[in-house]
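Participant: In my numbering, the protein residues as written are 575 to 839. Structure in structure tokens, see below.
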Amino acid sequence: MTAFSPFEVLNGHYAQGLLLIADHASRAVPENYGTLGLEPRVFERHIAYDIGVEMLTRTLSEKLNSPAVLGGFSRLLIDPNRGEDDPTLIMQLSDGAVIPANYPMSEQERENRLNRFYRPYHTAVDTACNTMLETTGQAPFIVSIHSYTPVWKTTPRPWQIALLWDKDDRAITPLLSMLREDGSLMVGDNEPYDGALRNDTLFRHCTAKGYANVLIEVRQDLISTAEGVQSWAERLAPILAHINAMVGIHDICHYGSRTGAVHPA
Numbered sequence: 575m576t577a578f579s580p581f582e583v584l585n586g587h588y589a590q591g592l593l594l595i596a597d598h599a600s601r602a603v604p605e606n607y608g609t610l611g612l613e614p615r616v617f618e619r620h621i622a623y624d625i626g627v628e629m630l631t632r633t634l635s636e637k638l639n640s641p642a643v644l645g646g647f648s649r650l651l652i653d654p655n656r657g658e659d660d661p662t663l664i665m666q667l668s669d670g671a672v673i674p675a676n677y678p679m680s681e682q683e684r685e686n687r688l689n690r691f692y693r694p695y696h697t698a699v700d701t702a703c704n705t706m707l708e709t710t711g712q713a714p715f716i717v718s719i720h721s722y723t724p725v726w727k728t729t730p731r732p733w734q735i736a737l738l739w740d741k742d743d744r745a746i747t748p749l750l751s752m753l754r755e756d757g758s759l760m761v762g763d764n765e766p767y768d769g770a771l772r773n774d775t776l777f778r779h780c781t782a783k784g785y786a787n788v789l790i791e792v793r794q795d796l797i798s799t800a801e802g803v804q805s806w807a808e809r810l811a812p813i814l815a816h817i818n819a820m821v822g823i824h825d826i827c828h829y830g831s832r833t834g835a836v837h838p839a
């Protein structure tokens, strides 16, 4: 039996200085947790993972020859894209589904999940960032890959792709501009979600350290097939490579956060 790993690292050319991360790439749960008391079909839904993100990240990593860190566990177990103090770190109710194994939650089990899943994932991201910093002598450019549902409750989401960010606009400005050159695309700018979330993954690894970053959300119906993944990877890879080569993208610059004061890491 293969040991359960809370993350997977894809090899790439660290000297390029571009790191891909995918917090919600997996819907996996260790055998001893069963299905967290849920019907197995729940793990086919967005509440368990970001549909299409694993293959999109793998394909981008291959096209760009860039390393990537993929989360290896379902967000239903614990959400790596939340701060340790966030009340939604371990969800008890998600999109109408009660999660029996998450309520009630003892402090001992909460700490166990942090130590077994959450913290090792973030240590892996830290390690990849530090390797780039040591290899290049410059800050990494970090691209976080996510996906979102085409409809929220009864409201359609018209954007094919959305870009989330806080106050550092080094990557977002050229990325928005290049994507919007395609008149067929509707590109969300901090919608359907806001990119300023205190102590989330990009706050922890980028905002606090002054690293350029962007969170890319692709609508799930567009990357639910191999053809869709390939199409979006072919669209995004050259744009990300261009931004990665821009002057200033690998400088350490502290822009602060819309969530409040930032103490540099």
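Each residue gets a CB set at the ideal place from its N, CA and C atoms; glycine is no exception. A quick note: this is a predicted structure, and the numbers were derived from the prediction, not measured.
Which residues does DSSP pair with P730 in a beta bridge?
Facilitator: Against the sequence shown, residue 730 aligns to sequence position 156. For P730, which the question treats as bridged, DSSP gives the partners V725.
Participant: Alpha carbon to alpha carbon, how far is Y785 from M820? Give it in angstroms, no decimals.
Facilitator: Residue numbering aside, residue 820 sits at position 246 when the sequence shown is read from its first letter. Residue numbering aside, residue 785 sits at position 211 when the sequence shown is read from its first letter. If I take the Cα positions, the gap works out to 14 Å.
Participant: Can you tell me which of the three DSSP states M575 falls into?
Facilitator: For the purposes of this step, residue 575 is taken as the residue at position 1 of the sequence shown. Note that M575 has pLDDT 49, beneath the 50 cutoff, so the model's placement of it is unreliable and the number below is only indicative. In this structure, M575 counts as coil in the three-state DSSP scheme.
Participant: If you draw a straight line from the C-alpha of P661 to the C-alpha of H620, how long is it?
Facilitator: Taking the first residue of the sequence shown as 1, we reach residue 661 at position 87. Taking the first residue of the sequence shown as 1, we reach residue 620 at position 46. Cα-Cα distance, rounded: 19 Å.
Participant: Whole angstroms are fine: how far does the CA of L749 sit from the CA of Q734?
Facilitator: The residue labelled residue 734 in the question sits at position 160 within the sequence shown. The residue labelled residue 749 in the question sits at position 175 within the sequence shown. Using only the alpha carbons, I get a separation of about 14 Å.
Participant: CA-CA distance, S640 and S600?
Facilitator: Here residue 640 is taken as the residue at index 66 of the sequence shown, counted from 1. Here residue 600 is taken as the residue at index 26 of the sequence shown, counted from 1. If I take the Cα positions, the gap works out to 20 Å.
Participant: Given this structure, state the Cα-to-Cα distance separating Q712 from M706, to the nearest angstrom.
Facilitator: Residue 712 sits at position 138 when you count from the first residue of the sequence shown. Residue 706 sits at position 132 when you count from the first residue of the sequence shown. Roughly 8 Å between the two C-alpha positions.
Participant: Mapping the DSSP letters down to three states, classify I746 as helix, strand or coil.
Facilitator: Indexing the sequence shown from 1 puts residue 746 at position 172. Looking at I746 - three-state DSSP - the assignment turns out to be helix.
Participant: Determine, using beta carbons only, whether H720 and A596 come nearer to each other than 9 Å.
Facilitator: Here residue 720 corresponds to residue number 146 of the sequence shown, with the count starting at 1. Here residue 596 corresponds to residue number 22 of the sequence shown, with the count starting at 1. Yes. Within cutoff.
Participant: If I follow the unbroken alpha helix (DSSP H) through L650, where does it start and stop?
Facilitator: As a first step, residue 650 must be located in the sequence shown, where it is residue number 76. Note, L650: premise wrong, no alpha helix (DSSP H); not H, not E.
Participant: Report, in whole angstroms, the separation of the C-beta atoms of P724 and A782, which I expect to be a contact under 8 Å.
Facilitator: Position 150 of the sequence shown, counted from the start, is the residue given in the question as residue 724. Position 208 of the sequence shown, counted from the start, is the residue given in the question as residue 782. Their Cβ separation, rounded to whole angstroms, is 33 Å, which puts P724 and A782 out of contact at 8 Å.
Participant: Helix, strand or coil for R619, going by three-state DSSP, please let me know.
Facilitator: For this step, residue 619 is matched to residue 45 along the sequence shown. R619: coil per DSSP, three-state reduction.
Participant: DSSP has A736 in a bridge; who is on the other side?
Facilitator: One-based indexing of the sequence shown puts residue 736 at position 162. Paired residues: G762 and E791.
Participant: To test your reading of the DSSP string, which unbroken beta strand (DSSP E) runs of 3 or more residues are found completely within the region 773–835?
Facilitator: Here the runs fully enclosed are 787–793.
Participant: DSSP three-state label for S680, please.
Facilitator: Along the sequence shown, one-based indexing puts residue 680 at 106. In this structure, S680 counts as coil in the three-state DSSP scheme.
Participant: Have a look at H598, R793 and G670 and flag the residue whose alpha-carbon is nearest the alpha-carbon of K727.
Facilitator: Mapped onto the sequence shown, residue 727 falls at position 153. Of H598, R793 and G670, the residue nearest in Cα terms is G670.
Participant: What distance in whole Å lies between the Cβ atoms of L630 and V788, which are believed to be in contact at a cut-off of 8 Å?
Facilitator: As a working mapping, residue 788 is identified with position 214 in the sequence shown. As a working mapping, residue 630 is identified with position 56 in the sequence shown. That pair is no contact at about 15 Å.
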